[in-house]
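Enquirer: Quick one: the structure is below, and I'll ask about it shortly.
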Amino acid sequence: MTASTVSNSFLLRGTAAGNTLRLVGMESTRVVEDARLRHGLSKTATAALGRTLTASALLAVVLGKKVDSRVTVRVEGGGPVGWIVAEGSANGHVRGYVREPGADLPLRESDGKLDVSGIVGTQGELAVTRLLDNGEPYTGSIELVSGEIAEDVSSYLGVSEQIPNAVLLGVYEEGGRVAHAGGLLVQAMPGVSDETLARLEANIRALGQITDGLRRGGILDVMNRVTEGLGLTLAPGAQAAGFECRCSRQKAEDSLKFFNAEERQDMMDTGGQEIVCHWCGEKYHITPAEIAALDAPPERARA
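Just so we're aligned: the sequence shown equals residues 8 to 310 in this note's numbering.
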């Protein structure tokens with residue numbers, strides 16, 4: 008099973024209740040399966056990173072003001088997986104990694120579900136970094152609420168961004184692969200009525216686990232059920248999404264410039280240097296000749 012055989016991931020946008028609810032949904036099965044394969048993730052680490060990857064894309068849409076706006080989500084709760092970092096953009100590109108990809112825990116005895124909270128931990132924080140209008144980075148953070156990611160992201164939006172919201176995130180694995188993954192962020196807009204909020208809350212309770220809805224009919228089924236009786240209107244078209252990294256061979260070569268000449272000579276003497284991108288797992292072998300070229304003086308332009 009490869010990521011290429013999994014259905015494509017995408018973002019959906021919509022409104023409901025006379026534009027007093029804003030919805031952003033993501034079908035992220037392929038994204039999360041790609042992350043699992045790239046990083047060799049355990050089952051529980053896959054769920055933890057998968058939820059965070061999905062959340063980063065949803066946050067980029069809600070918090071960003073440009074089509075390529077990016078946000079970075081970092082979760083560190085003191086659990087076996089260590090930290091989780093995910094970067095999402097409003098154009099559907101996401102990437103991310105965990106410190107300990109092989110960390111795993113048994114299924115929870117209480118309900119037989121993956122123990123995401125246990126592997127993430129609850130003694131720590133969730134931090135979100137985004138660019139302000141002036142181009143300066145801004146980071147807001149909160150103490151973790153549950154380590155389940157969805158509740159933590161929702162708390163961040165409510166506390167740090169003052170955005171009333173509901174966040175649903177899920178990853179369902181079957182047969183050693185990611186069978187379903189996705190997320191939904193519902194934002195309450197100015198003028199929303201108490202009746203609308205009460206109906207929304209009742210619908211979310213009736214939905215149960217988001218993975219149940221994803222298994223029934225994907226993210227569109229989830230969005231329809233959450234807005235039942237509230238008049239969902241979808242924006243035309245879906246935004247394609249995928250696990251995309253900004254690393255390159257040139258950037259890998261440039262990273263060796265931070266080493267001194269003696270260290271680079273050692274690399275050349277041992278046959279070159281392998282650079283591994285922590286975001287996506289891509290490996291770049293930099294040859295001795297390429298390393299030597301880093302110290303070569305630039306060619307003068309011909310007259």
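Beta carbons: idealized from backbone N, C-alpha and C, even for Gly.
Buried or exposed: G47, going by 16 or more other Cβ atoms within 10 Å of its Cβ?
Expert: Label assigned to G47: exposed.
Enquirer: Can you give the Cα-Cα distance for A97 and G225, rounded to whole angstroms?
Expert: Near 20 Å, if we compare the C-alpha coordinates of G225 and A97.
Enquirer: Hey, how far is the Cα of R29 from the Cα of L66?
Expert: Answer to the nearest angstrom: the Cα atoms are 13 Å apart.
Enquirer: Since A268 is in the beta strand (DSSP E), which residue starts that stretch and which ends it?
Expert: Element bounds for A268: not the beta strand (DSSP E) but the alpha helix (DSSP H), A268 to D276.
Enquirer: Going by DSSP in three states, K290 sits in which element: helix, strand or coil?
Expert: Strand at K290.
Enquirer: Would you tell me roughly how many angstroms separate the C-alpha atoms of E289 and E158, rounded to the nearest one?
Expert: Going from the Cα of E289 to the Cα of E158 covers about 32 Å.
Enquirer: Can you give, in chain order, each stretch of the beta strand (DSSP E) that sits fully within the region 213-251 and has at least 3 residues?
Expert: The qualifying runs are 246-250.
Enquirer: Is L191 closer than 8 Å to L3 when the C-beta atoms are compared?
Expert: The shown model of the chain, from 8 to 310, leaves out residue 3, and the question about it has no answer.
Enquirer: For A299, does the count of other Cβ atoms within 10 angstroms reach 16, so buried, or fall short, so exposed?
Expert: The residue in question, A299, is exposed, as its Cβ has fewer than 16 Cβ neighbours within 10 Å.
Enquirer: Within the continuous alpha helix (DSSP H) that includes Q169, where are the two ends?
Expert: Looking at the DSSP string, Q169 is not in any alpha helix (DSSP H), and its letter there is neither H nor E.
Enquirer: In this structure, what does DSSP give as the bridge partners for S16?
Expert: In the DSSP output, where bridge partners are listed per residue, S16 has A248.
Enquirer: So what's D302 in DSSP terms, helix, strand or just coil?
Expert: Reduced to three states, the DSSP call for D302 is coil.
Enquirer: Could you tell me the distance, in whole angstroms, from the CA atom of E181 to the CA atom of L60?
Expert: Each residue's Cα considered, the two are about 19 Å apart.
Enquirer: Kindly confirm or deny that the region 245-264 and the region 272-290 touch, where touching means at least three C-beta pairs closer than 8 Å.
Expert: Yes, the region 245-264 touches the region 272-290.
Enquirer: Touch check for the region 85-103 and the region 212-222: three-plus C-beta pairs under 8 Å?
Expert: Judged by Cβ distances under 8 Å, the region 85-103 makes no contact with the region 212-222, as fewer than three pairs qualify.
Enquirer: Could you name the residues of the same chain whose beta carbon sits closer than 7 Å to that of G125, not counting the 5 residues immediately before and after it, in chain order?
Expert: For G125, where only same-chain residues beyond five positions count, the Cβ hits under 7 Å are G86 and L112.
Enquirer: Is the separation between the beta-carbon of V313 and that of T53 shorter than 8 Å?
Expert: In the structure as shown, the chain starts at 8 and stops at 310, and residue 313 therefore has no counterpart that could be examined.
Enquirer: Measure the alpha-carbon distance for T36 versus R256 and round it to whole angstroms.
Expert: Computed Cα separation, rounded: 28 Å.
Enquirer: Name the residue from A64, V69 and L239 whose alpha carbon lies nearest to the alpha carbon of E7.
Expert: A question about residue 7 goes unanswered here, because the residues of the chain that appear run from 8 up to 310.
Enquirer: Taking 8 Å as the limit between beta carbons, can you name the residues of its chain near Y179, skipping five residues before and five after?
Expert: V185, A186, H187, A188, T218, L221 and R222, listed in sequence order.
Enquirer: Which residues bound the alpha helix (DSSP H) around H46?
Expert: Segment T36 to H46, the alpha helix (DSSP H) holding H46.
Enquirer: What is the DSSP secondary structure of T129, reduced to helix, strand or coil?
Expert: Residue state, collapsed to three classes: coil.
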